[in-house]
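Chains as they are written, first to last, in my numbering: chain A, 1 to 114; chain B, 1001 to 1111.
No residue lacks a Cβ here, since even glycine has one placed at the ideal position from N, Cα and C.
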Amino acid sequence: AQSVTQLDSHVSVSEGTPVLLRCNYSSSYSPSLFWYVQHPNKGLQLLLKYTSAATLVKGINGFEAEFKKSETSFHLTKPSAHMSDAAEYFCVVSELTNAGKSTFGDGTTLTVKP
Amino acid sequence: SQTIHQWPATLVQPVGSPLSLECTVEGTSNPNLYWYRQAAGRGLQLLFYSVGIGQISSEVPQNLSASRPQDRQFILSSKKLLLSDSGFYLCAASHTNTEAFFGQGTRLTVV
């Protein structure tokens, strides 16, 4: 079985400061991991994905995430927050043996203060 | 590129009325298809997934049903809506172990 835990339901940062959104996962097999962003009343946009290649993954809009198998973590970071980064972020795990079904974390709401 | 069309964008329906939400996929064939529901302030809950025409798996017991009459068409239905069916519904498509692509969602309010 697979599961995802997003450790913070809300994160607030000031514009220009670093962003850290934490995610831990559980998976019986080698998982694929994803981060999605959702702006209000919109669909989900893929930020980045890990599929067993390089452990440090770079995504769009300056985001990156590092896959740490020993810690079962896939934290999302960005060196400098922008006002447009304010949104909901979802960490997602998917397993090859599970018909590709994705399991979502409960989401982290990122607020960016001016 | 893969595109998912989902409609309508918003819907207000009375309790007890039927529901039909449609999702179509372009740019790929034989996708896995999914319906998710997002309740207010919560993550996404998988409702149904389909690995092929006529093949539907339900993840949670509920008042809804799903059908896949064509390879790239996925329909979410209800015969009688409940207040608890309100939420944001997202259709998604993927191939095994690849990222999922999402439609823009339908905001359903049952009154």
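Check	Outcome
Contacts that B/Gly1052 makes with chain A (C-beta to C-beta distance below 9 angstroms)	What B/Gly1052 touches in chain A: nothing, since even the nearest Cβ is about 10 angstroms away.
Neighbour list for A/Asn24 in chain B, Cβ cutoff strictly below 7 angstroms	Residues of chain B passing the Cβ test: none, with the nearest at roughly 14 angstroms.
Among A/Val11, A/Gly16 and A/Leu33, the one whose alpha carbon lies nearest that of A/Cys91	A/Leu33
N-terminal and C-terminal residue of the beta strand (DSSP E) that A/Phe104 is part of	Ser102 to Phe104
Sequence-distant residues of its chain with Cβ nearer than 6 angstroms to B/Val972 (five each side left out)	Outside the shown range of chain B, which is 1001 to 1111, sits residue 972 of chain B, and nothing can be said about it.
Three-state class that DSSP yields for B/Asn1030 in the structure shown	coil
Buried or exposed (CB count within 10 angstroms, at least 16 for buried), A/Gln38	buried
Simplified DSSP assignment, three categories, for B/Gly1105	coil
Presumed contact (8 angstroms Cβ cut-off) between A/Ser26 and A/Ser3, rounded CB distance	5 angstroms
Sequence-distant residues of the same chain with beta carbon closer than 6 angstroms to B/Gly1105, five excluded per side	Phe1088 and Leu1090
beta-carbon A/Thr5 near the ligand PLP non-hydrogen atom, thresh 7 angstroms	This structure lacks the ligand PLP; in fact it carries no ligand of any kind.
Status (buried if at least 16 other CB within 10 Å, exposed otherwise) for B/Gln1055	exposed
Within chain B, partners of A/Asn41 - CB distance below 8 angstroms	Phe1088, Gly1105 and Arg1107
Inter-residue spacing [alpha-carbon to alpha-carbon] between A/Ile60 and B/Ser1078	38 angstroms
Stretch-stretch touch, CB-based, cutoff 8 angstroms, three pairs: the region 71-79 of chain A with the region 12-30 of chain A	yes
Span separating the alpha-carbon of A/Val57 from that of A/Thr51	10 angstroms
Contact the region 80-87 of chain A vs the region 98-113 of chain A: 3+ CB pairs below 8 angstroms	yes
8 angstroms Cβ shell around B/Glu1059 - same chain, five flanking residues per side excluded	Gln1045, Leu1046, Leu1047, Phe1048 and Tyr1049
Residues that B/Tyr1049 bridges to, as DSSP identifies them	B/Tyr1034 and B/Ser1057
CB contact below 8 angstroms: A/Phe63 versus chain B	no
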